[in-house]
Amino acid sequence: MASLKIERINVGYPGKPVLTNVSLPEIPPGSLVGVLGPNGVGKSTLLRALAGLGPYTGTALLKGENLNGMSHFRRAQRVGYLPQALPQETSLVAYEAVLSACRAVRPDLAKTRIDAAVERVFDMLDIRPLAFQALNKMSGGQRQMVGLAQVIVRRPSVMLLDEPTSALDLRWQLTVLDTVRMILGRHQGLCLMALHDINLAIRHCDFIALFGDGRLLAFGPPAEAVTSDILSQAYGIAGRVEICSRGLPFVVTEPTQSILPPTGH
Amino acid sequence: MSGADNLAETGAPLATGYRRFVTRRMAWLCALAAALCLTTVVNVMTGPAGLSLTQVIDGLLHPEALEPGAYVILWEVRLPFALMAIVVGACLGLAGAEMQTVLNNPLASPQTLGVMYAATLGASLAIVFNLAAPLGLPETYVVPVFAFVGAIASAAVILLLSRVYGATVDTVILFGIALVFALQALIQLIQFVADSDSLQQIVFWTMGSLTRATWEKVAIVGAVFALCLPASIRQVWAMTALRGGEDYARSYGVAVDRLRLTVLLRVSAMTAVAVAFTGVIGFVGLVGPHIARLALGEDHRFFLPGSALAGAVILSGASLIGKSLVPGVLIPDGIVTALIGIPLFLALLISQKRRG
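Quick mapping for you: the protein sequence lines, in order, are chains A and B. Quick note on numbering: our numbering labels position 24 of the first sequence as 24, and the sequence is numbered without any gaps. Offset between the second sequence (1-based) and our numbering: plus 265.
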């Protein structure tokens, strides 16, 4: 069971704040949070900061424990981060990459249990055929799936996934989202997932955090957070949220001119 | 996802497939070890006074039964020479592999950071300014000592700058390249002011040769390797994780900057002690890891020992070629490693390209 609360976080670089004063109410265990916003708004910077790869000021509490107060190793055990950049082009095979991820964070686990954990992840993501293929012989999408396996195998309390579906076709996008949902349901962890496909986010996420103009514009269940006004503020587009016949919301964009200048960081 | 491999058959546990995968790699390690044994034995047998295999085995098992002349050839010349090839090659191979990993650059080698050039500068200073006399040290050790000091000093400069400006790949490589140019200029300056005798000595030193090997030097280089190898082995998982990507490794809790600094320190010590006694021997630290990577992949549990073995095989083979190519002439090992290293490296690159 994991809950996350973010209070007045500022992320960025020295002299160049990217996101300021970001606060999220306590996110309950098992939740999938879609992190949305235009290019360069600071989604990746925020996820990197929470993963301990970049600085931030403010407080992020995981089950009441301050992330910044944790040791390197403890934080690595609790927080799993999938970078936007795909795993490096290396002759490591997928099995070794996932195995090394598991060994690095769970060194005390018995060999048989590590083998079982690795096996489970390959099955879960349906990527067994890739197990003994070198990463430098894979397509971008395949490497993205291996990268996700590297995160899942560690069984972190919080998964921070930076555009995990960017190189995937529709079938694999759904596999990723279904698998993440299943893991969250089973272990009652949390996932913050940066996405660009707003409709994918609306359909699969419990909460949406929508950023724009260097701040959090909206946070809440998709139907509440994604409104025409917010879309206009965040992306500078005219769009409306409709409800389909199955009762699911979706965004319809109008072919109109941008009403806001693009944000750029 | 396409791309099925017969090791990942449906139904069979992946761990079983992985065990078969590991067995293949162990077989490659054994093949490299066997190649090293073979080159070493032939190396001991080869020379102006040829020794048969029986003579070598008898001489090793019963040294007291050897003729005095044969004893000197086997125990004072051939064995230290052959063992020096192993320990220096292993040091350079391991150092090259670790550097390529932490600098994420397949062209990195102990030469990249200028460690070898700094050793050359130290040796050149000792030769040109005859530093043995004022220090009152035996002459045979003064040049290696200064070479070692030079190499360690260059590593210290890189490490210090990395500490101050951050041990990122770009920073370390840029500092290394800048240092290489500066050291080359200083070496040329010393050569410019050197008299003809000193100049000849410097040139010979830069060619790299195992002929200066003694049991004492073999023991020193071997001891440094024996100290560094377990430290490297302790970090195999962190280095393997790093090959999956720096951000991934950091998110696993790997302190990448600290890993990079400790590896560079270890690499510097191994390179410094190796070149201090042999002179500049290039390409072993570049080609050895490439051979190991092709055969063993990048799981560092296999890659690091494989690189050390491949480095030892290359230098052992090169010293054998250097002795055998022109009868009665001992071609410096640094020249042979460069001559066979460049085509070998190109062949490896081309074969990698062909494999796609």
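Beta carbons: idealized from backbone N, C-alpha and C, even for Gly.
Where residue i falls, given that 16 or more other Cβ within 10 Å makes a residue buried
i      : result
G264/A : Below a pLDDT of 50, predicted positions are generally treated as unreliable, and G264/A, at 48, falls in that range; the measurement from the model is reported next regardless. With fewer than 16 other Cβ atoms within 10 Å, it is exposed.
N66/A  : exposed
T281/B : exposed
R343/B : buried
P399/B : exposed
G64/A  : exposed
K16/A  : exposed
Q453/B : exposed
D123/A : exposed
A541/B : buried
A218/B : Limits of chain B in this structure are 266 at one end and 621 at the other, which puts residue 218/B out of reach.
W480/B : exposed
Q376/B : buried
I615/B : exposed
S267/B : For S267/B, the predicted structure reports a pLDDT of 46, less than 50, and the residue's modelled location is therefore unreliable. A value from the coordinates is still provided. Looking at its Cβ environment, which holds fewer than 16 other Cβ atoms inside 10 Å, S267/B is exposed.
V601/B : buried
A539/B : buried
C102/A : buried
F207/A : buried
A577/B : buried
S3/A   : buried
L326/B : exposed
F132/A : buried
Whole-number beta carbon distance between residue j and residue i, since they are thought to touch under 8 Å
i      : j      : result
V434/B : I423/B : With a Cβ gap of about 13 Å, V434/B and I423/B do not count as contacting.
R48/A  : V105/A : Actually they are not in contact, since the Cβ atoms of R48/A and V105/A sit about 18 Å apart, beyond 8 Å.
L316/B : M310/B : 5 Å
L526/B : S427/B : 6 Å
A355/B : N308/B : The Cβ separation is near 15 Å, so there is no contact.
L62/A  : F219/A : No, L62/A and F219/A are not in contact; Cβ-Cβ is about 18 Å, not under 8 Å.
V306/B : V287/B : No, V306/B and V287/B are not in contact; Cβ-Cβ is about 29 Å, not under 8 Å.
L248/A : R186/A : About 24 Å separates the two Cβ atoms, so there is no contact after all.
S228/A : R240/A : 5 Å
A488/B : R531/B : Rounded, the Cβ-Cβ distance is 14 Å, inconsistent with contact.
G379/B : V429/B : That belief does not hold up - the Cβ atoms of G379/B and V429/B are roughly 18 Å apart, past 8 Å.
Among the options, nearest to residue i - alpha-carbon criterion
i      : options                           : result
H196/A : L135/A, L92/A, L168/A and R246/A  : L168/A
P570/B : A335/B, V307/B and L357/B         : L357/B
P14/A  : E7/A, S44/A, G54/A and V35/A      : G54/A
P313/B : F413/B, V601/B, A612/B and L595/B : L595/B
P271/A : I243/A, I198/A and G189/A         : Chain A is shown only over 1 to 265; residue 271/A falls outside these bounds and no answer can be derived.
D257/B : R508/B, V410/B, F394/B and L372/B : As displayed, chain B neither begins before 266 nor continues past 621, which places residue 257/B out of reach and without an answer.
F610/B : L559/B, H565/B, A300/B and A577/B : L559/B
W340/B : I392/B, A478/B and V528/B         : A478/B
S232/A : G37/A, L148/A and L160/A          : G37/A
S44/A  : I27/A, Q84/A and G52/A            : Q84/A
P164/A : L184/A, G141/A and P156/A         : G141/A
V408/B : L396/B, G510/B and W502/B         : L396/B
V11/A  : Q88/A, T59/A, V33/A and L32/A     : T59/A
Y517/B : L82/A, Y56/A and A2/A             : L82/A
L359/B : I442/B, T536/B and T471/B         : T536/B
G212/A : V151/A, L109/A and G236/A         : G236/A
Beta-bridge partners of residue i, as assigned by DSSP
i      : result
K43/A  : K43/A is not bridged to any residue.
C191/A : L32/A and M159/A
N10/A  : T57/A
E332/B : For E332/B, which the question treats as bridged, DSSP gives no partner whatsoever.
K5/A   : L61/A
I208/A : G34/A and G220/A
E242/A : F250/A
A134/A : V93/A
N66/A  : L61/A
R215/A : G212/A
Residue range of the unbroken alpha helix (DSSP H) whose run includes residue i
i      : result
P25/A  : Where P25/A is concerned, there is no enclosing alpha helix (DSSP H), although the beta strand (DSSP E) it sits in stretches over K16 to I27.
V521/B : V521 to T543
G361/B : L344 to V367
Y95/A  : A94 to V105
T471/B : S461 to M472
V591/B : From DSSP, V591/B is part of no alpha helix (DSSP H); its letter is neither H nor E.
Y382/B : V380 to V393
F548/B : Neither: F548/B is in no alpha helix (DSSP H) and is coded neither H nor E.
Y513/B : E511 to S516
L451/B : V434 to V458
V489/B : W480 to R499
D229/A : S228 to Y235
R113/A : K111 to M124
Host beta strand (DSSP E) of residue i (start-end)
i      : result
V307/B : No beta strand (DSSP E) holds V307/B; the alpha helix (DSSP H) holding it covers L279 to M310.
V79/A  : V79 to L82
Under 8 Å by beta carbon: chain E residues contacting residue i
i     : result
T90/A : No chain E is part of this structure, whose protein chains are labelled A and B.
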